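Here the sequence shown is numbered in numbering that gives the first Met the number 0, starting from 0 and rising by one per residue.
Working notes for the structure below.
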Amino acid sequence: MLRFDETQRLVLALDATRHASVLGAPGTGKTETLIESFVSRAGADGWEEGDLLILAPSRTSAARVRDRVHDRLGRASGGTLVRTPASLAFALLARRAAEEGREPPRLLTGTVQDELIGEVIESALAAVDTAQPQSWIERFPAELLRSAPFRAELRELGRVLDDAALAPETLMHQLESLVGERRQEAVTALPPHELVEVWAAALGLLAQVAERTAKNRPGELTSSGLLREASSMVRAAGAGDGIVGLPRLMLIDDAHELTEGDLSLVAACAGLGSRVWAFGDPDVATSAFRGERVDLLTRMDEELARAGAGSGARVPHSRTSPAQRVVLSTDHRSDPAIRAVVSRLTERVGAAGAGAQRVAVSARAHGPHSAGEDDAAQARSATQFVSVSAVSEQIGVVAHRLRRRRLGLDGGAATAWSDMAVVCRTREEAGSAARALAGLGVVTAVTTGGIVLREQRIVRELVRLLQHALGIAPMTSADVFELLGGDIGGLDPIVLRRFRAAVRLGEQRAARQEERETRGIDELVVAAIERPEAEPIVDSAAGRAVRRIARLAAAGTRVSSAGGTPRETLWAIWDASHLATPWQEAALDGRGSRADDAHRRLDAVLGLFFALQRHEEHDSEVPIAELLAELLASAVPEDSLAARSAREVVTVTTPQGLVGTDFSLVAILGPQDGVWPNLRSRGALIGVTALERWLRGGAAEPPARRDTLHDELRLFAHACSRARDELLVVAVADEDHHPSTFFSIAHPRFAGVLPSSRLTLRGAVAEMRRRLTRDPLDAEARASLAALAREGVPGARPDEWYGVLRPSTESPLVDLDGDPEAVVRVSPSHLDTVERCPLDWAVSRLGGGTTTFSSQLGTLLHRAFERVDSGDPEALLAVVAAEWGSLEFESGWEETRAFRLAEQMTRGLAEYLADFAASGRELVGREAEFSVRVGRAELRGTADRVERVRGADGREELLVIDLKTGKTAPGGSALDEHAQLQAYQFGVLSGGFDAHTGSAGAALVFVHPGALRARDGEYSLRAQQPLSPEAQGEFGERVAEAARVMAASAFTARVEHHCSDEHSPGGACRLHIIPAVSAG
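If you want it as structure tokens, here you go:
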């Protein structure tokens, strides 16, 4: 048996023959009393089943209320008990169409309307140079016309006209008349002339959209268009005719969400005798930010009269029977601390004729509770406002709190995922937050009003394959690589790079064997797509993935060629992908980000199939190529009719998605300056908000900053009010982000630091290891790790810890002591690294290095330097260009810039070779190898060039040249002690190159423009003087010491002078100076 408080019983006693408004703060039982009012009359004497109707603001809200009504009734019903205003409008229009033998109207979705607007704009832009361009096109730049915000605002303009029951042409004529009045006399109340011209241009465009809609989509109406037509039909019926299906009593839940179009239909029904009971709270309206200012709750009689309820009323108008009004006084939902937060917020919202509902108190405040410090502690636990130092930490704090409640670690019962929600200001932020939370072990579902198909990668990939199969646009190599790295291919960038290299190498080998020119990788990949039954282009996972994509494309092409519809073609592609089964299994698995990703992908695929189904069923004249292009371009969410999964998930949504809901815990993200509140002007591109105000009799101006702030405050208050037991609000405070004023208004005192660690078994292991690293005597951490290790949690056992185990071997790299014949090979290019930081040498030598663009370009330039004798820059550049395709670039402009650099550096090589030819020196060798024994070391290397120099005394000496393509050149003492050059000279003097010549020194040739001095030409020659006998002996000792270091079993890190210096060359050692268990 339900129990109602005193003010709720007043609602149940209201007179059903009069209008009524029921005001109540969040949680005061508005929906509960609405349902009880409905149930108490349903089936009672004098009431038929169709006499009662509940209106809810959205389909999801309507579904929730409908379920509760059915539960209360305890029996089946013959009709629809709960509708949205648009659903009521459709039902009325469909019934009238059936009576007249016509087809019922169909809904024109936002996506299709967006497509139609885009088509009209593109047609006009294509004809802009003709003799008769559209008059409106000169008013707006082409970039603006093509933008998604402009199309969205034009759709909003259509809604405003529907709400006002005006056609674009009608309003255009009115504006023209006003302009005429302005010319004849000064009319100060008229909108500014510039604004009128913008309206006129936008209306001209909208009129053409309406014309195209009527031609291509006959019988289709937008949601606001359905409301307009239904309102007009009801009013036209008059008091004498009546309309079948109108209820005697309409109960409106969340009436503060009514739009002007909704009110128009409600008022029209009231004009024919329906009584209206409105339940709501204007302080938490979420539609006000769009310009809606429906005051049905606070000024019911006036609003119904304004919207046209007076014409044709069959019962006495409310002027003789004023609307009843009840204000609910007790919040039965929220903790007192949460109620206090909501009160602080709503008391700053403009009252708009309301305000009495704000004094509601929490029912829990009347219950037994302790006083003093316990009250303060309870308030702190129920409402926590926290600032963090990073965006990632913000997500971590929320994830930790959600998981803690889910695991019941606060001493109470565990909280179901479905009883918790995360709120973000925008749908984009909600999507990002959901993905981040899923990665931290929180199961999420985003409910923000549909799916933007183009934002889903799998949709883009399937559409691209479909375009290929339908013959719209054959796939390019770029498309193939996009598929390979996406949901269908599943390959990572490293695998793709290896695949490119393997294809290129294989083609070079084949070209040499067949004595032909090599083909580019793009040509090879496209050819592979055209031969789906051939062997993979290379025998690797990536090669097989290319063949799999080729077979997907072929499967779609077969169905399309046989006359299949686009939807059947898409099914052939999807079925051949074999993605359905693993994704369904991952979705049903229900764990972590893997399950969330699978759900989102499957929802997106269903949305794509639904879009194609709608295209087929409506027999649209829009070519499929245009539909697919629009799907990839449209930013309008697709409303999904697919059933939602029944799994337990945390709801991630925006304030608008919370209407009609409540949760035990609500976490709010993003009350930041510039984000929430968002005070940027809305509807400014074509002045939609100003037009809406003007049509309602106000000034033609956008909302004042104060009004916008109040709208944002309503959204924030609404989000806070959804929490029953705990409200967590997290903002970022760093150099670039600052909490907004809402943060301090709602809660003057911030909470302390909240934990952001991953509240998972792995997270617990990491936390305990971190604690034990800080304090080896931490008994709790040791005991916890032992318990986790006994349960087999990965990472808990010490023998699994990185950096803690003893080395797998302590044997030296070269056993100089145990093997008298052992020799250490020392490379001239490694000497400097060994001396600078032994650990850096060991890591880079044993662990392998990375290939950069600079090193790849250097390889090509060395090859040109080796193969070309003349100082012809074109010949040198031709060698570089021949293998330029082996380099990879992220974009075309990067490649252009890199090639210009290569051209400049080849000019440096050409100038050096020209100077060499004129010098009289003789080339002895290119890539000349040498080897010299120095004790237990073997100094072995390769010199780029060795040149013979004839001195004034006739003696011949060797000059070693080393080409450098970097931009850092040594000078002064660093050049004199340059280890690599000294190694080359040591090789000359030791007979490594020619036993009968001395050393003329060694030189570095720099060709990078960054290494050139003002006095240099296209290259810079940095020469090292010939080694003296003393220097030769000292260098031999350096080689022997380097060999000893390189042969060792342990390597020293030069932490202070190298490893911790970000500007030092090398850097492979830096990874090894990070603690095995970091403290951060």
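All C-beta atoms, glycine included, are put in the ideal place defined by N, C-alpha and C.
If you're wondering where the values come from, they're calculated on a predicted model, not measured in any experiment.
Roughly how many angstroms lie between the CA atoms of residue i and residue j, to the nearest whole one?
i            : j           : result
residue 561  : residue 38  : 57 Å
residue 13   : residue 4   : 15 Å
residue 27   : residue 360 : 9 Å
residue 2    : residue 582 : 47 Å
residue 428  : residue 286 : 19 Å
residue 135  : residue 624 : 28 Å
residue 388  : residue 733 : 5 Å
residue 173  : residue 102 : 33 Å
residue 238  : residue 229 : With a pLDDT of 47 at residue 238, under the threshold of 50, the predicted position of this residue should be treated as unreliable, and no value is reported.
residue 17   : residue 201 : 42 Å
residue 413  : residue 66  : 26 Å
residue 1154 : residue 977 : Limits of the chain in this structure are 0 at one end and 1079 at the other, which puts residue 1154 out of reach.
residue 800  : residue 794 : 6 Å
residue 916  : residue 882 : 27 Å
residue 1021 : residue 970 : 8 Å
residue 692  : residue 682 : 12 Å
residue 19   : residue 254 : 12 Å
residue 59   : residue 656 : 9 Å
residue 611  : residue 78  : 31 Å
residue 504  : residue 517 : 10 Å
residue 1089 : residue 607 : Any property of residue 1089 remains undetermined from this structure, which presents the chain solely from 0 to 1079.
Mind checking if residue i is an interface residue toward chain C, Cβ cutoff 8 Å exclusive?
i            : result
residue 1006 : Of the protein chains in the structure, only one exists, and it is not chain C.
Any idea if residue i is buried or exposed, counting beta-carbon neighbours within 10 angstroms, 16 or more meaning buried?
i            : result
residue 386  : buried
residue 337  : buried
residue 147  : exposed
residue 512  : exposed
residue 112  : buried
residue 210  : exposed
residue 773  : exposed
residue 493  : exposed
residue 192  : exposed
residue 741  : buried
residue 219  : buried
residue 808  : exposed
residue 140  : exposed
residue 313  : For residue 313, the predicted model reports a pLDDT of 37, less than 50, meaning its position is unreliable; a value from the coordinates is still stated below. Residue 313 comes out exposed.
residue 1081 : The question about residue 1081 has no answer here: the residues shown for the chain are numbered 0 through 1079.
residue 577  : exposed
residue 157  : buried
residue 1072 : exposed
residue 473  : exposed
residue 827  : buried
residue 302  : buried
Since residue i and residue j are thought to touch, with beta carbons under 8 Å apart, how far apart are those beta carbons, to the nearest angstrom?
i            : j            : result
residue 921  : residue 941  : Actually they do not touch by this definition, with Cβ atoms about 20 Å apart.
residue 282  : residue 345  : 4 Å
residue 729  : residue 325  : Between residue 325 and residue 729 the Cβ distance is about 37 Å, and since that is not below 8 Å, they are no contact.
residue 948  : residue 991  : No, residue 948 and residue 991 are not in contact; Cβ-Cβ is about 17 Å, not under 8 Å.
residue 536  : residue 558  : No, residue 536 and residue 558 are not in contact; Cβ-Cβ is about 25 Å, not under 8 Å.
residue 196  : residue 247  : Actually they are not in contact, since the Cβ atoms of residue 196 and residue 247 sit about 48 Å apart, beyond 8 Å.
residue 54   : residue 232  : Between residue 232 and residue 54 the Cβ distance is about 18 Å, and since that is not below 8 Å, they are no contact.
residue 755  : residue 399  : 6 Å
residue 1120 : residue 527  : In the structure as shown, the chain starts at 0 and stops at 1079, and residue 1120 therefore has no counterpart that could be examined.
residue 687  : residue 152  : 6 Å
residue 842  : residue 1068 : 6 Å
residue 364  : residue 335  : 4 Å
Report yes if the C-beta of residue i is less than 7 Å from at least one heavy atom of the ligand HEM; otherwise report no.
i           : result
residue 420 : No copy of the ligand HEM occurs in the structure displayed, which carries no ligand at all.
Validate contact between the stretch 647-654 and the stretch 410-428 using beta carbons, cut 8 Å, 3 pairs: In short, these stretches touch, since the Cβ pair count reaches three.
Could you tell me whether the stretch 945-957 touches the stretch 994-1010, where touching means 3 or more Cβ pairs closer than 8 Å? Three or more beta-carbon pairs separated by less than 8 Å link the stretch 945-957 to the stretch 994-1010, which places the two stretches in contact.
Does the pairing of the stretch 430-445 with the stretch 481-489 give three or more beta-carbon distances under 8 Å? No: fewer than three Cβ pairs fall under 8 Å.
Every unbroken beta strand (DSSP E) within the stretch 928-992, with a cutoff of 3 residues, ordered by chain: Whole beta strand (DSSP E) segments, 3+ residues: 936-949, 955-963.
Which runs of the alpha helix (DSSP H), 4 residues or longer, sit entirely within the stretch 477-559? If one requires a minimum length of 4 residues, the alpha helix (DSSP H) runs lying completely within the stretch 477-559 are 492-513, 520-529, in chain order.
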